[in-house]
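Novice: According to my numbering, the stretch in the sequence shown is residues 69 to 176, in order.
Before I ask anything, let me first share the structure, which is written out below as structure tokens.
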Amino acid sequence: MSLNYLCPLEEDRCDYYGCKKNGQDECASGLLCQCKPGLQRPNPQFPLCVALGPQCPDYCNTQNKSQCLVKNSRDAKCVCLPGYKEDNRGICQPCAFGYSGVDCKDCE
Numbered sequence: 069m070s071l072n073y074l075c076p077l078e079e080d081r082c083d084y085y086g087c088k089k090n091g092q093d094e095c096a097s098g099l100l101c102q103c104k105p106g107l108q109r110p111n112p113q114f115p116l117c118v119a120l121g122p123q124c125p126d127y128c129n130t131q132n133k134s135q136c137l138v139k140n141s142r143d144a145k146c147v148c149l150p151g152y153k154e155d156n157r158g159i160c161q162p163c164a165f166g167y168s169g170v171d172c173k174d175c176e
């Protein structure tokens, strides 16, 4: 009587961690590998590279009078806070006297 075992497929360690193959250490440590394009490590102590949601640049913050809006799972846009409007240099400036709201357009 012979037993046939189904062997589980061996997953490549680099694929498991989401790492680029470097041909040297076969991705022995997910903490030391370089992530594949489109993947990032959420923090340095996390061994896996994962796809992160859309993000705005670091300068998109309240200090610069702007905020990050995510309209769907793929698009993020940096926009000025209400009461500010983007100038021709891309800098959020206060609305002119008498105007307010998003893009200095009062609600109608």
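Glycine included, every Cβ here is placed at the ideal spot set by N, Cα and C.
Assess, as a yes-or-no matter, whether the region 146 to 160 is touched by the region 117 to 133 under the definition of 3 or more beta carbon pairs within less than 8 Å.
Specialist: Judged by Cβ distances under 8 Å, the region 117 to 133 makes contact with the region 146 to 160, as three or more pairs qualify.
Novice: Let me know if aspartate 174 comes out buried or exposed under the rule of 16 or more other beta-carbons within 10 Å of its beta-carbon.
Specialist: Residue mapping note: residue 174 aligns to position 106 of the sequence shown, counting from 1. Aspartate 174 comes out exposed.
Novice: By Cβ distance, which residues of its chain are closer than 8 Å to proline 110, with the 5 residues on each side in sequence left out?
Specialist: Position 42 of the sequence shown, counting from 1, holds the residue named residue 110. Val118 and Leu120, listed in sequence order.
Novice: Can you tell which of Pro122, Cys87 and Glu154 has its C-alpha closest to the C-alpha of lysine 139?
Specialist: Within the sequence shown, numbered from 1, the residue matching residue 139 stands at position 71. The shortest Cα separation from lysine 139 among Pro122, Cys87 and Glu154 belongs to Pro122.
Novice: Which of the three DSSP states, helix, strand or coil, is assigned to cysteine 124?
Specialist: Here residue 124 refers to the residue found at position 56 of the sequence shown. If DSSP states are grouped into helix, strand and coil, cysteine 124 belongs with coil.
Novice: Can you tell which of Gly86, Gly106 and Ala96 has the C-alpha that lies nearest to the C-alpha of leucine 116?
Specialist: The residue you call residue 116 lines up with position 48 of the sequence shown. Checking every option, the nearest Cα to that of leucine 116 belongs to Gly86.
Novice: What does a CB cutoff of less than 7 Å around tyrosine 167 pick up in its chain, not counting 5 residues either side in sequence?
Specialist: For this step, residue 167 is matched to residue 99 along the sequence shown. Within the same chain, tyrosine 167 has close Cβ partners Asp174.
Novice: Taking all protein chains shown into account, do 16 or more other C-beta atoms lie within 10 angstroms of the C-beta of tyrosine 84, making it buried, or fewer, making it exposed?
Specialist: Along the sequence shown, read from residue 1 onward, the residue named residue 84 stands at position 16. By the 10 Å Cβ count, tyrosine 84 comes out exposed.
Novice: State the Cα-Cα distance for the pair glutamine 161 and leucine 137, rounded to the nearest angstrom.
Specialist: Counting from one through the sequence shown, the residue named residue 161 turns up at place 93. Counting from one through the sequence shown, the residue named residue 137 turns up at place 69. Cα-Cα distance, rounded: 18 Å.
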